[in-house]
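In the numbering used here, the protein residues as written are 5 to 494. Notes to accompany the following structure.
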Ligand SMILES: [Zn+2]
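Now the structure itself:
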């Protein structure tokens, strides 16, 4: 197994920096994309069908408050109707006061031997301004071995793949041992009508499943070759805290020692110098154990040492030299916004800051609040939780054995047998709502990309054409394996 010559999380820094600055004219930036090899020259009928669904989804603008998730959900529902799925198994549901935010639930009936498996993908995408892009972000194009367009990576690839595969199972007459539920939802990216949360609150039974397969996982390419395959089985919980300092203020020509801005600045200084303790869990321990097998020697040694002894601070320090690994080790809190003062010539009466924390699933928002208050050591700095995220602080779920076995077997078959690594994502998905409701959720896709290459949420979002079709094949087989052998084809 090839050892990496540089940290797995490293991308070609030069490329990223230039693209991020976006100082270059669009055309020059586009030329920076290194062609991706391996795109199939001729497509199978199944690949053609999946590509058509993908293109239709990408070309429907589903951005919160400007586009319509409902339009995309209805387009997909029409495909299931014309494929002969019973009307009673196709549900378009959403808040009455948000007509553009309908979610689609489709049930594919099995033999009822065991609880269903839920296939989850969100249809909404983050904003994409035409003026920012070298082309229309809502026109899917193929260029240099990539699909380009808003949502091609996050998350319309999995939405299209699940849809195409369900239609294929039906066309092939395959009847699984247990039901499959497809949920294509709204407002994962923001907006105030999160589809999964709304469905759990209003139509819980429609989503009830033994476990869910969702975004958040996938494969990593190094030098165009598979390096490892991640299964996301846990995620950190995003919670925002507001720090508030109040002061009587006064005229700025007579400054005093006490000052709301200085007081807040001192607290923020303490936050900057504070590092939360290492908190490994049943997902991050195997993550580091397995990642050590593919990481460069110095990092690999530190990872093995930390797994052996989580109190090994020297090992933790070495691993933390890489911000992505550092954020896997512990809770993180970072100041993201500041606001203070009401006039140039007045001493500030109020100073506030937003602190965005990513809390490890073994901790809670209340524990982190107490830690912040302790490190500030100043009752004048009021710490409040801005969004009561408690409801979704669920414990990580160990990877379901049959899912892990099937993923490992297919990774051997399709991706050179690279390590399958359980992982905890530092970003959030809708899996947090499902886990909190007792539905274990795993990010698995079989979709490989080089680190940072997709530029999800950014300009020129892209996905390798080869990776889309590999993912189509991987998920087709994976779902068949975990949903039970069922009635064989033909
Ligand atoms: Zn997403």
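Positions of the beta carbon are idealized from the N, C-alpha and C atoms, including for glycine.
How about residue i and residue j: are their beta carbons less than 9 Å apart?
i: residue 80; j: residue 163; result: yes
i: residue 446; j: residue 235; result: yes
i: residue 245; j: residue 364; result: no
i: residue 449; j: residue 165; result: yes
i: residue 420; j: residue 229; result: yes
i: residue 281; j: residue 334; result: yes
i: residue 431; j: residue 239; result: yes
i: residue 124; j: residue 189; result: yes
i: residue 87; j: residue 174; result: yes
i: residue 243; j: residue 372; result: yes
i: residue 38; j: residue 148; result: yes
i: residue 469; j: residue 357; result: no
i: residue 319; j: residue 305; result: yes
i: residue 247; j: residue 47; result: no
i: residue 467; j: residue 161; result: yes
i: residue 400; j: residue 237; result: yes
i: residue 413; j: residue 485; result: yes
Which residues in the same chain as residue i place their Cβ atom closer than 6 Å to its Cβ, once the five residues preceding and following it in sequence are excluded?
i: residue 355; result: 249, 264, 265, 268 and 344
i: residue 336; result: 362
i: residue 475; result: 165, 449, 450 and 451
i: residue 109; result: 95, 187 and 210
i: residue 98; result: 105, 106 and 107
i: residue 526; result: Here the chain covers residues 5 to 494 and nothing more, so residue 526 does not appear.
i: residue 309; result: 316 and 319
i: residue 58; result: 164
i: residue 40; result: 149, 150 and 468
i: residue 460; result: 157 and 158
i: residue 353; result: 251 and 253
i: residue 26; result: Residue confidence for residue 26 is low, a pLDDT of 46 falling below 50, so the modelled location carries little weight; the figure read from the coordinates is stated next. So the list is empty, once near-sequence residues are dropped.
i: residue 42; result: 470
Return the residue from the list the options that minimises the CA-CA distance to residue i.
i: residue 404; options: 214, 189 and 187; result: 214
i: residue 137; options: 462, 383 and 119; result: 462
i: residue 2; options: 174, 97 and 252; result: One cannot answer for residue 2 here, as it falls past the ends of the chain, which runs 5 to 494.
i: residue 118; options: 97, 190, 44 and 212; result: 212
i: residue 451; options: 473, 44, 460 and 440; result: 473
i: residue 406; options: 375, 483, 45 and 110; result: 483
i: residue 443; options: 277, 54 and 218; result: 218
i: residue 177; options: 262, 89, 360 and 93; result: 89
i: residue 216; options: 455, 458, 460 and 436; result: 436
i: residue 325; options: 346, 311 and 303; result: 303
i: residue 387; options: 161, 353, 48 and 359; result: 359
i: residue 366; options: 471, 413, 284 and 383; result: 284
i: residue 85; options: 103, 112 and 259; result: 112
i: residue 194; options: 413, 68 and 40; result: 68
i: residue 402; options: 43, 40, 289 and 60; result: 289
i: residue 196; options: 102, 255 and 260; result: 102
i: residue 408; options: 221, 327, 45 and 42; result: 221
i: residue 278; options: 338, 370 and 49; result: 338
i: residue 410; options: 478, 322, 93 and 49; result: 478
i: residue 370; options: 60, 241 and 93; result: 241
Which residues in the same chain have their Cβ closer than 8 Å to the Cβ of residue i, if we skip the five residues on either side of it in sequence?
i: residue 64; result: 71, 72, 75, 76, 79 and 142
i: residue 487; result: 114, 121, 180, 181, 182 and 184
i: residue 291; result: 332, 425, 426, 427 and 428
i: residue 192; result: 126, 128, 159, 198, 199, 200, 433 and 434
i: residue 422; result: 5, 223, 230, 231, 232, 233, 298 and 415
i: residue 30; result: Confidence in residue 30 is poor, its pLDDT being 45 and thus under 50, which makes the residue's placement unreliable; the coordinate value appears in the next sentence. Only 137 and 138 meet the Cβ criterion.
i: residue 53; result: 168, 171 and 172
i: residue 262; result: 251
i: residue 255; result: 349, 350 and 351
i: residue 44; result: 51, 469, 470 and 473
i: residue 260; result: 254 and 351
Between which residues of its own chain and residue i is the CB-CB distance below 7 Å, once the five residues before and five after are set aside?
i: residue 153; result: 62, 141, 142, 143, 144, 145 and 465
i: residue 274; result: 379 and 380
i: residue 258; result: none
i: residue 441; result: 204
Taking 8 Å as the cut-off, does the CB of residue i come closer than this to any heavy atom belonging to ligand 3?
i: residue 433; result: Inclusion of ligand 3 in the displayed structure is not the case, the ligand content consisting of ligand 1 alone.
Sufficient close CB pairs (3 or more, under 8 Å) joining the segment 131–149 to the segment 225–234: No: the two stretches stay apart, fewer than three of their Cβ pairs being nearer than 8 Å.
Continuous alpha helix (DSSP H) assignments of at least 4 residues falling wholly in the segment 47–80: 49–62
4 or more residues per run - each alpha helix (DSSP H) lying fully within the segment 396–470: If only uninterrupted alpha helix (DSSP H) runs of at least 4 residues are considered, those enclosed by the segment 396–470 are 405–418 and 435–440.
The segment 166–175 / the segment 194–208 touching (three or more Cβ pairs under 8 Å): No: fewer than three Cβ pairs fall under 8 Å.
Length at least 4, wholly inside the segment 132–195: the alpha helix (DSSP H) runs in chain order: 160–176
Secondary structure, beta strand (DSSP E): runs of 3+ residues fully inside the segment 332–361: 336–344
Entirely enclosed alpha helix (DSSP H) segments - the segment 265–306, minimum 4 residues: Counting only runs of 4 or more residues that sit fully inside the segment 265–306, the alpha helix (DSSP H) segments are 288–295, in chain order.
Complete beta strand (DSSP E) runs within the segment 82–124 (minimum length 3 residues, chain order): 94–97 and 107–112
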